[in-house]
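The structure under discussion appears below in the form of structure tokens.
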Amino acid sequence: MTRIPLHPRTGGRWGRALAPLILSISLGLAPVAAPTDSEVLSFVRQMNDHRVSIGLPPLIWDRRVAAVARAHSRDMVTRHFFSHTNPDGLRSRDRLGDAGIAYVAMGENIAFGQTTGASVLKAWLESSGHRANIENPAYTHHGVGKVGTHWTHVFLRPKATTTASR
Numbered sequence: 016m017t018r019i020p021l022h023p024r025t026g027g028r029w030g031r032a033l034a035p036l037i038l039s040i041s042l043g044l045a046p047v048a049a050p051t052d053s054e055v056l057s058f059v060r061q062m063n064d065h066r067v068s069i070g071l072p073p074l075i076w077d078r079r080v081a082a083v084a085r086a087h088s089r090d091m092v093t094r095h096f097f098s099h100t101n102p103d104g105l106r107s108r109d110r111l112g113d114a115g116i117a118y119v120a121m122g123e124n125i126a127f128g129q130t131t132g133a134s135v136l137k138a139w140l141e142s143s144g145h146r147a148n149i150e151n152p153a154y155t156h157h158g159v160g161k162v163g164t165h166w167t168h169v170f171l172r173p174k175a176t177t178t179a180s181r
């Protein structure tokens, strides 16, 4: 069962903490499914606790975004590179587009060498650019991929889909 985070100011179970989940449901995005890797799960919990502690809502896990992140981590391991841009010149925005994921804002953190969720979060929070992604209020959804000690964290705000009136 997923724990609903308490609102940092009121201690209530509603409010801003649930806004991303409500938005996700209303946009018809991929169902929320928790990560299966224990270190990724640990990272997600700690990272969302950090966001809540500074007054931001937790990010919503999107399994499609996580699949893109995991594929990039796997690609870095397989082809022996460490970069946001793969050897074919594709960047995170290209990978998301190829997966059919539309967004209005996105960012990506990558790391290499950390074995635990706590250690990668510590490294990213100590880097101003990585920290800026974690603490960016524009992002509402995310996915993390870990292969060995290669981590990819993709952040985004999904593009709202509209339906034609009847």
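Sequential numbering of the sequence shown, starting at 16, is according to our numbering. Note that the Cβ used here is the ideal one computed from N, Cα and C, for glycine as well. Since this is a predicted model, take the numbers as computed values, not measurements.
Step through the CB atoms of chain C and report whether any lies within less than 8 Å of the CB of residue i.
i: residue 168; result: In the displayed structure, chain C is absent; only one protein chain is listed.
Is it buried or exposed, residue i, if we count other Cβ atoms within 10 angstroms and call 16 or more buried?
i: residue 170; result: buried
i: residue 1; result: Since the first residue of the chain shown is 16 and the last is 181, residue 1 is not available in this structure.
i: residue 128; result: exposed
i: residue 122; result: buried
i: residue 175; result: exposed
i: residue 77; result: buried
Are the CB atoms of residue j and residue i within a distance shorter than 8 Å?
i: residue 145; j: residue 80; result: no
i: residue 57; j: residue 131; result: yes
i: residue 55; j: residue 161; result: yes
i: residue 120; j: residue 153; result: yes
Output the distance between the C-alpha atoms of residue i and residue j, rounded to the nearest integer angstrom.
i: residue 140; j: residue 90; result: 25 Å
i: residue 167; j: residue 173; result: 18 Å
i: residue 94; j: residue 108; result: 20 Å
i: residue 84; j: residue 69; result: 25 Å
i: residue 82; j: residue 112; result: 13 Å
i: residue 98; j: residue 59; result: 22 Å
i: residue 65; j: residue 101; result: 30 Å
i: residue 125; j: residue 133; result: 15 Å
i: residue 105; j: residue 67; result: 33 Å
i: residue 52; j: residue 165; result: 13 Å
i: residue 74; j: residue 87; result: 20 Å
i: residue 136; j: residue 149; result: 9 Å
i: residue 72; j: residue 142; result: 21 Å
Examine the ligand ATP and report whether any of its heavy atoms sits within less than 7 Å of the Cβ of residue i.
i: residue 175; result: In the structure shown, the ligand ATP is absent, as is every other ligand, since no ligand is present at all.
Return the chain-ordered ranges of every alpha helix (DSSP H) run that is complete within the segment 115–149 and spans a minimum of 4 residues. Within the segment 115–149, the alpha helix (DSSP H) runs of at least 4 residues that lie entirely inside it are, in chain order, 132–140, 143–149.
Which runs of the beta strand (DSSP E), 3 residues or longer, sit entirely within the segment 149–174? 156–162, 165–173
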